[in-house]
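Working notes for the structure below.
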Amino acid sequence: MADFELVTDGLRFPEGPVFMPDGSIALVEIEPGRITRVKPDGSKETIAKPGGGPNGLALGPDGMLYCCNNGGFEWHESNGMLAPGGIASNYSGGRIERIDPATGAVEVLYKSGDFGCVLRGPNDLVFDEHGGFWFTDHGKMDHAKRIHDVVGIFYAKADGSHLEEVVFPSNNPNGCGLSPDGKWLYAAETYTCRLMKFSVTAPGKVDTAAGVGGAGIPVYRPAGWKFFDSLAVEASGNVCVATIGESGISVVSPGGELVEFVNTDDVFTTNICFGGDDMRDAYLTLSGTGRLVKTRWDRPGLKLAY
């Protein structure tokens with residue numbers, strides 16, 4: 000296992016870490032429906048309480064936090080490990096929220112039904128250099144009710160003026176990111192454990208015939224009992240995918256080779272983000288045990304658009 004430093008613990012299924020301009024980390028705590036700021040000394044403060052299931056988080060061009068809200072899960076806890084389950088009994092609908100990190104004000108930017116789009120469980124998002132953002136919809140599953148959503152990948156504008164489902168269907172996509180040149184959109188599929196890429200032809204557009212079966216081109220798929228969660232991209236173009244089951248980060252080259260696997264001690268290792276002056280400070284959410292940890296990464300991460 001890499002040399003990890005504990006930043007803070009006691010979080011309730013943290014995900015979506017964002018390195019903030021002041022050096023703090025903004026993240027979501029999915030179970031309590033809370034957005035939390037973790038300061039460099041490990042102290043925590045609540046930014047906002049949007050409720051539902053805040054999931055992915057990103058800084059937008061206006062300095063606001065944009066949040067994928069999945070509407071909520073049921074939860075199970077045993078042996079010190081917290082895990083999400085099926086659809087929450089009080090499921091409040093999938094949506095995209097804009098949150099003021101200074102005041103905590105929460106605005107619903109997009110909800111299911113807007114622009115004719117169905118949002119079931121928005122999961123992760125990434126801004127492009129044009130001020131729009133891509134986001135995945137992971138959907139909802141409920142084995143007891145025999146529900147497994149067929150979902151897609153969306154593009155939206157930060158001002159609330161445009162929402163479009165660009166890729167459909169997609170196999171429960173989770174993390175997403177852009178290549179350093181912005182020409183490729185990456186998406187990690189959880190249950191197939193595939194890293195996919197899509198050729199970006201214009202803002203919010205992909206080549207629908209790039210892959211054998213449509214827009215998606217498979218990049219990498221590991222053997223064994225594993226699931227992919229969120230991801231971040233290195234400055235070199237490598238894709239760092241949080242890997243559940245084997246517990247760690249799979250670093251995959253743009254050509255589909257496994258560069259390395261960085262082990263952790265939490266089966267629900269869900270997210271990674273980069274920060275620091277040299278972009279080599281890596282922050283990981285170890286969600287099952289409620290920890291945010293930090294390590295020095297071998298290569299610098301990609302600076303995000305905002």
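When the letters of the sequence shown are read in order and numbered with numbering that gives the first Met the number 0, they come out as residues 0 to 305.
All C-beta atoms, glycine included, are put in the ideal place defined by N, C-alpha and C.
Everything numeric in this text was worked out from a predicted model, so none of it was measured.
Continuous beta strand (DSSP E) stretch holding residue i: start and end
i    : result
N89  : Counting along the chain, N89 falls outside any beta strand (DSSP E), and DSSP gives it neither H nor E.
M19  : Neither: M19 is in no beta strand (DSSP E) and is coded neither H nor E.
K196 : R193 to A201
E106 : V105 to K110
N122 : P121 to F126
F227 : F226 to V232
P53  : P53 to L58
G9   : Neither: G9 is in no beta strand (DSSP E) and is coded neither H nor E.
N68  : L64 to N68
V27  : I24 to E28
K293 : R290 to R295
T263 : That residue, T263, is in no beta strand (DSSP E); it is neither H nor E in DSSP.
E96  : R94 to I98
S249 : G247 to V251
R33  : R33 to V37
Sheet register partners of residue i (DSSP bridge)
i    : result
C175 : A186
H147 : M140
C116 : DSSP output for C116 lists no bridge partner at all.
C314 : What the structure shows of the chain is the stretch from 0 to 305, and residue 314 is not part of that stretch, so it cannot be assessed.
W319 : Residue 319 is absent from the model: the chain starts at 0 and stops at 305.
V258 : Answer is none; V258 lacks a bridge partner.
A155 : F132 and L162
A304 : Answer is none; A304 lacks a bridge partner.
G210 : G213
S42  : Paired residues: none, contrary to the question.
G307 : Missing from the structure shown is residue 307; the chain here goes from 0 to 305 and no further.
V205 : V199
A241 : I248
A47  : I34
Status (buried if at least 16 other CB within 10 Å, exposed otherwise) for residue i
i    : result
P53  : buried
E233 : buried
L5   : exposed
E14  : buried
A241 : buried
V165 : buried
S246 : buried
F114 : exposed
N89  : exposed
A208 : exposed
L257 : exposed
E76  : exposed
G112 : exposed
I98  : buried
A201 : exposed
I248 : buried
R94  : buried
V211 : exposed
C-beta contact flag for residue i and residue j at 8 Å
i    : j    : result
Y219 : L194 : yes
G51  : G22  : no
A186 : S169 : yes
I86  : C66  : no
I24  : P31  : no
G272 : F18  : It should be pointed out that residue 272 corresponds to Cys in this sequence rather than to Gly. In this structure, F18 lies closer than 8 Å to C272 by Cβ.
T189 : D228 : yes
G176 : V238 : yes
F226 : G244 : yes
T268 : F3   : no
N69  : G120 : yes
P299 : D277 : yes
G174 : V199 : no
A47  : V261 : no
Cβ of residue i within 8 Å of any chain B Cβ
i    : result
G159 : Of the protein chains in the structure, only one exists, and it is not chain B.
Q.
Measuring CB atoms only, is the region 273-292 touching the region 78-86, in the sense that at least three cross pairs come out at less than 8 Å?
A. yes
Q. Do three or more CB pairs link the region 121-129 to the region 44-60 at distances below 8 Å?
A. yes
**Q.** Stretch pair the region 136-151 + the region 98-115: three plus CB contacts closer than 8 Å
**A.** no
Q. How about the region 190-204 and the region 213-231: do they share at least three Cβ pairs that are nearer than 8 Å?
A. yes
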